[in-house]
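So for the sequence shown, numbering that gives the first Met the number 0 puts the first residue at 0; every next one is plus one. Ideal Cβ placement from N, Cα and C applies to all residues, glycine included. A quick note: this is a predicted structure, and the numbers were derived from the prediction, not measured. For reference, the structure discussed in these notes is given below.
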Amino acid sequence: MHLRVPRPRSLAGQLFAMQAVLIAVVVAGYALFTYISDRGQAQDAAGRQARAVSLAIADSPSVLEAIGSPDPTARLQPYAVRVMRDTDVDFVTIMDPEGIRWTHPDPGQIGRPFRGHIERAQRGQTFTETYTGTLGPSVRAVTPVLDDGRVVGLVSAGIKVEEISKRAQEQLTALLGVAAGALLLGAVGTYVINARLRRHTHGMPADELSRMHDYHQAALHAVREGLLMLDGQYRVALINDGGRELLGVAGDVVGASVADLGLPAQLTGALLASEPRVDEVHLTDRRVLVVNTSPVSGGERRGTVVTLRDVTELQSLMGELNSERGFTQALRSQAHEAANRLHTVVSLIELGRAEEAVDFATAELELAQALTDQVVAAVSEPVLAALLLGKTAQANERGVELVVSRESRLDDGLLPPSLPARDLVTILGNLVDNAVDAAQGRVPSRVTVAAYTEAARGGEVSGTVPAAGGGGSELVLRVSDTGAGVDPAHADLVFQRGFSTKPAGEGGRGLGLALVSQAVQRHGGTLTVTEAPGGGARFEARLPLDDPQGRAPAPDAPAGRRAAGGAV
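Dropping the structure here:
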């Protein structure tokens, strides 16, 4: 035998019951108030009616004449009966100044004392009271009959309280009918509204909805990925902590339009798009984001759900992996070339030409050592030196000559910790790769790299302040190629994500220069593209250096040198 536990009433059911009880209480209270009010009004009306009848009788000349007759009852009793019938009152009693009845609805009560207060009427005043007489409780008026200022008789007209109650009950019956109709209409409206609410809440009880809200809030704060929900007017309906961090927004942005969040134009366009977006890569000032958007289904447009993933580190690692792959291919190619040279040396020795073998091997070693010495002498910073050596071999395999400019001078330990090696690899590596792609297949095919430090222009770099040590120096990275160059009309577009003059390949194009621009902006530097003196494009990145030791720029890099005048 299983004990069946009753399921908690749904939120819609609880609201329906509460609203039904509330409507019933309101209608019942209104009916009771109206009944009491109507009963009071009915009593007042009855008092006014009785007063008017009694005054009319007291002022009647025939009544005054009958009072002066030998037998007042004979003339007044028929008159009183007619008045009761015509004025719809329950009794009319005419009596002498001492209260002895001359008339009464019950003829047996004629000649007996009047039951009620008559003192004020005996003093010439008219008044109204509720009193229990021979006919039961009644609302009555008592007025004197005056003859030259002298009280010669009294008149009392009244309506029984029972009749007043009947009138109020008739009004109450109509009121109860209206109240019942209002209760029925309210119940039907409440049922319809709560049926709609039940559909929206899926019939769940209030405690379950409360738990779901708690889980919802906990999940939003726990998820590291960004979650953004937009309503039908592209306003922020919900954003979690991850979304705030990834988009770089602060404060209360709920209710704000996406266009007012200060996001990059391409990212804003993706969020405002009506069609879904799948795994689109977008850049902010500091991050590389993968954006997915999905419209909320349900007939008319209800909104959009946006998920954001941070792939900044992943993108950087992928760039490093591509560089390592390039290095590996270059080393494999060099190993193959070295094997060919070794076979040549062995063959010369076997042919008895030992001196020629020694000369050939020495020349090859001197060429390789000269290349290494050239790069290391110009750029002794380990990360950049290793990058340039690898890129030189990689460019050579593609038929492009990579040259380190004579003006390059970058000593080891000169770069501050605020300028991480990963960002330098991102900037210089992408610029060199882009230049090699542009120069490949051209005559001549050459890429020239310059790396040095110099005093900041005007004592500061655009958008930054001078270094704390007082040197105000900046790192200059310049890459020139002999390619087709950059159309001046596209000078502002080449650094945007997705722009490329090359055919799209696997994974798309137009991300490398955008990553360079992002890294340069992150460090408060500047990035420009101009035409190289010998044709092609020249990209120049300037990064401010915060030199904690206050060292001056290298003597081999004069402060007056500028990108426009340096030989490449």
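Check	Outcome
Using a Cβ-Cβ cut-off of 7 Å (strictly less than) and excluding sequence neighbours within five positions of I117, which residues of its own chain qualify?	G98, V141 and L153
Using the beta-carbon count (16 or more within 10 Å), is E473 buried or exposed?	buried
For P112, I'd like the list of residues in its chain whose CB is within less than 7 Å of its CB, leaving aside the five on either flank, ordered along the chain.	G98 and I99
Helix, strand or coil for I56, going by three-state DSSP, please let me know.	helix
Anyone know if the C-beta pair for A45 and I158 falls short of 9 Å?	yes
Would you call the CB atoms of A626 and L383 closer than 9 Å?	Residue 626 falls outside the range modelled here, since the chain spans only 0 to 567, and no answer is possible.
Whole angstroms are fine: how far does the CA of T361 sit from the CA of N348?	Correcting the residue type first, residue 348 is Ile in the shown sequence and not Asn. Each residue's alpha carbon lies about 14 Å from the other.
Beta-carbon within less than 6 Å of T129's beta-carbon, same chain only, minus the 5 sequence neighbours each way: which residues are those?	V138
Measure from the alpha carbon of E530 to the alpha carbon of each residue in G511, P543, G482 and L544, then state which is nearest.	G482
Measure the Cβ-Cβ separation of L229 and A236 and say whether it is below 9 Å.	yes
Just reading off the alpha helix (DSSP H) that A513 is part of, what are its end residues?	G511 to R521
Under 7 Å Cβ to Cβ from G524, same chain only, skipping five residues before and after it: list those, please.	V460, A540, R541, L542 and P543
In the DSSP assignment, find the unbroken beta strand (DSSP E) run with M228 in it and report its ends.	G225 to D230
If the criterion is Cβ atoms closer than 9 Å, does the pair G261 and V248 meet it?	yes
Return the CA-CA distance between V222 and D309, expressed in angstroms with no decimal places.	12 Å
In the DSSP assignment, find the alpha helix (DSSP H) that holds G268 and state where it starts and stops.	A264 to L271
Determine the closest residue to P263 out of V25, T283 and E244, with distance taken between C-alpha atoms.	T283
Check the C-beta distance from V289 over to V295 and give it rounded, since I have them as a contact under 8 Å.	About 21 Å separates the two Cβ atoms, so there is no contact after all.
For E396, report the span of its alpha helix (DSSP H) as first-last.	P381 to E396
Can you tell me which of the three DSSP states L145 falls into?	strand
From this set, G225, G135, P71 and E161, which residue's C-alpha is nearest R243's C-alpha?	G225
Buried or exposed: D480, going by 16 or more other Cβ atoms within 10 Å of its Cβ?	buried
Run the CB neighbour count on N339, radius 10 Å, all protein chains shown included, and call it buried at 16 or more, exposed below.	exposed
Tell me whether D85 is buried or exposed, calling it buried when 16 or more other Cβ atoms sit within 10 Å of its Cβ.	exposed
How would you call E64, buried or exposed, if buried means at least 16 neighbouring beta carbons within 10 angstroms?	exposed
What span of residues does the beta strand (DSSP E) with L288 cover, start to end?	V287 to P294
By the DSSP assignment, the alpha helix (DSSP H) with R119 in it spans what residues?	E118 to Q121
Express the C-alpha separation of V446 and S293 in angstroms, rounding to a whole number.	44 Å
Does the distance from the CB of A536 to the CB of A394 come in under 9 Å?	no
Rounded to the nearest angstrom, what separates H214 and N239 at their Cα positions?	It is Tyr, not His, that sits at residue 214 in the sequence shown. Y214 and N239: Cα-Cα distance of roughly 13 Å.
Is the beta carbon of V345 less than 9 Å from the beta carbon of V403?	no
Give me the Cα-Cα distance between Q520 and A218, rounded to the nearest whole angstrom.	34 Å
Among D432, A385 and E453, which one has its Cα closest to the Cα of S407?	E453
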